[in-house]
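The next block holds one structure in the form of C-alpha cells; read it before the comments.
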Amino acid sequence: MLARYAPSQGKLFGDSTGTRAVLRQAVAEDLLLLVSRFADEENVRGRSSYQAMERVLREQCDVVEEKVELKKKTGGEVMQNPSDGDATYDGHKGPGYQVQIAETCSGHNEVQLITGVEVEPAHRSDQDAAVPMIEQLEAHDRRPELLYADGHYGSDANVVDAAQRGVDLQSPVTIIAQQMPDALTIDDFVVDEKTQTVQRCPNGQEPVYSVHDVAKGRTRTVMEASHCSACPFRDQCPVKQVRGEYVIEHTPAEQRLASRRAEQATDAFGENYAIRGGGESVNAGLKRKMGMGRLRVRRLPRVRMAVLLRCAGWNLLRALAALKQRGIGGFAAFLDALASLESLLRRLKPWIEVSARFEPRKIAPEQQTPMLAAA
Ligand code: SF4
C-alpha cells in the first residue's frame, strides 16, 4: 500500500490498469483498512490526515458486514479537498463556496450598495438562504419592504415567512402549471382567508358546502350540480365531477401559489421584476473587479473575511463613483491630504508634547488616601 501511495499526487494511480470503478473500490478498501487499523490509536486519531480519511469513508462509502461499498450518490456535502474541509460541491457551480448577497435596488437611490452578505459551502440550497438573509438585514436595521429574488428563493414557506416579518418577497414561481392559458384556478374563487373555505365560485355561485380539514390542511368544496352542469365556464373551471358531485379541493399553499402565478402573469410584475436583473451585474462585477471568483484562502472563516472585505471594497467603489458623479472632483485629493496628514502626525509623534492632562496626576502627600494592598 505504501508503494501505491508513495508517488506525488500527479502520479497517483498512474499505474492503475483497471476501470475507474475498480480503482475507486480499491481505494475505498484501503481507506477502510487504514481507518479500522488506527481507530484505537489516540495519537493517530487526532491527526487531520486520519480525520480526513475517516470523513471520506463516512461520506462516500457504506460499510456492510466489514465490506466497503461505494455510495451510488453522495450528494454535494462531501469533502472536496483535504486541505479545505469546509468546501463542498454543487452540481451547477462546482466545488468550493457560494455567497448570498442582498443589494439595494430602488431607482430613487443615488447609489446601490450591498447590504447583506452570507458565505456558505457550495452545496447549500438557495431556498434555505432567504430567511437567514432577511434576519441578517433585520439585525442591522436594513430590513427591506420589498425583496426581489430569483425563483430558487421563492418557496411558499419563504414567502409566508418573509411576509410575517414584514417583507414582500417577490420571486417567480418556478413550478410550471400544466393548464390551458385561459384556465381558471383556485385563485379565481372567493376564499375566506381565515377559515380557508370557499365563499363563491368564479361564476358567482355559492357552494353547497366548503369544509376545511385542519388536520390535513385541505379544504373540500362541493358545488351545486345544476349550476356547474349549465355553467359557461365549465371547460375552464378546475371543479371535477366525482361520483355525481362537483368538487374542488385545495390547500392554502396551492391557493397562494395560484395567486402568485396569476400576479406574475401581469405586465406590471414583469416591469417591476426587471430590476432583479441588476443583481447579476453585481455578481459579475464582484468576480471580475474584486476577484471573488477565486480566493487564495482556505476554510470558511477566512473565505468569509475575504468575501466581506471585497464586498466592502465594492461598496466603497460605488460610493466614490457616486461622489464623482455628484461633481465632488476633489474628494480623491481630500483623501490624499488626509493620508498625508496622518503620516505627518505619525512622524512628529515623538516630538509632540503630551498634554499635561494625560500625564500622571501628582497628589500632595497630605491629600493622599490610605490604601490597603493585598497580595
Ligand atoms: S363550473 Fe361550477 S364552480 Fe366552476 S365556475 Fe361554473 S358554476 Fe362555478
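Positions -11 to 363 (our numbering) are the ones given, in order, by the sequence shown. Ideal Cβ placement from N, Cα and C applies to all residues, glycine included. From a predicted model like this one, the values you see are computed outputs, not experimental measurements.
In this structure, V148 keeps its C-beta atom at 9 Å or more from the C-beta atom of L245.
In the DSSP assignment, Q229 forms a beta bridge with Y234. Distance between Y77 and H111, taken at the CA atoms: about 5 Å. For Y(-7), the enclosing alpha helix (DSSP H) stretches over residues L(-10) to Y(-7). The beta-bridge partner set that DSSP reports for D156 consists of L134.
The three-state secondary structure of E47, taken from DSSP, is helix.
Proximity to the ligand SF4 was defined by a C-beta distance below 5 Å to any of its heavy atoms, and the residues meeting it, in sequence along the chain, are C189, P190, N191, Q193, M211, H215, C216, C219, F221, R222, C225 and V227. For G104 and E233, the gap between their C-alpha atoms comes out near 53 Å. Rounded to whole angstroms, the gap between the alpha carbons of Y38 and Q86 is 27 Å.
In its chain, beyond the 5 residues on either side, L19, L20 and V23 have a beta carbon closer than 7 Å to the beta carbon of L45. Counting only runs of at least 3 residues, the segment 78 to 158 fully encloses the following beta strand (DSSP E) elements, listed from N- to C-terminal order: 82 to 91, 102 to 109, 134 to 136 and 156 to 158. Comparing C-alpha distances from V107 to each of G301, L296 and N303 shows the shortest one belongs to L296. A307 has its alpha-carbon roughly 53 Å from the corresponding atom of V15. Shown here for R231: not one same chain residue has a beta carbon closer than 7 Å to its own, the five before and five after excluded. The criterion of a C-beta distance shorter than 9 Å is satisfied by V155 and P132. Non-local beta-carbon contacts of A294 in its own chain, meaning distances under 6 Å to residues more than five positions away in sequence, involve L283 and V285 in chain order. Pairing C93 with R314 gives a Cβ-Cβ distance that is not under 9 Å. The C-beta of T207 has 16 or more other C-beta atoms within 10 Å across all chains shown, which makes the residue buried. CA-to-CA, the gap between M211 and K81 works out to about 50 Å.
The criterion of a C-beta distance shorter than 9 Å is not satisfied by S159 and D175. Taking a C-beta distance under 9 Å as the contact criterion, Q187 and V196 do not qualify as a contact pair. Of all alpha-carbon atoms in A75, A118 and R298, the one lying nearest the alpha-carbon of M278 is that of R298. Counting along the chain, L305 sits inside the alpha helix (DSSP H) bounded by residues L288 to R314. Spanning the alpha carbons of I236 and D223 requires a straight line of approximately 14 Å. Annotation for R208: the continuous beta strand (DSSP E) segment containing it runs R206 to M211.
A residue is called buried when at least 16 other Cβ atoms come within 10 angstroms of its Cβ; S198 meets this threshold and is buried. In this structure, L101 lies away from L135, with their beta-carbon atoms at least 9 Å apart. Nearest in C-alpha terms to T183, of all of G281, T239 and R290, is T239. Going by DSSP, Q252 is part of the alpha helix (DSSP H) stretching over P240 to Q252. For V202 against E91, the beta-carbon gap comes to about 41 Å, at or over 8 Å, which does not count as contact. C225 and L172 do touch by the CB rule: their CB atoms are close to 5 Å apart, below 8 Å.
Residue A40 holds the alpha-carbon nearest to the alpha-carbon of N69 among A300, E54, A40 and C189.
Residue range V186 to R188 is occupied by the beta strand (DSSP E) that includes Q187, with no alpha helix (DSSP H) assigned at that position. For L22, the three-state secondary structure derived from DSSP is helix.
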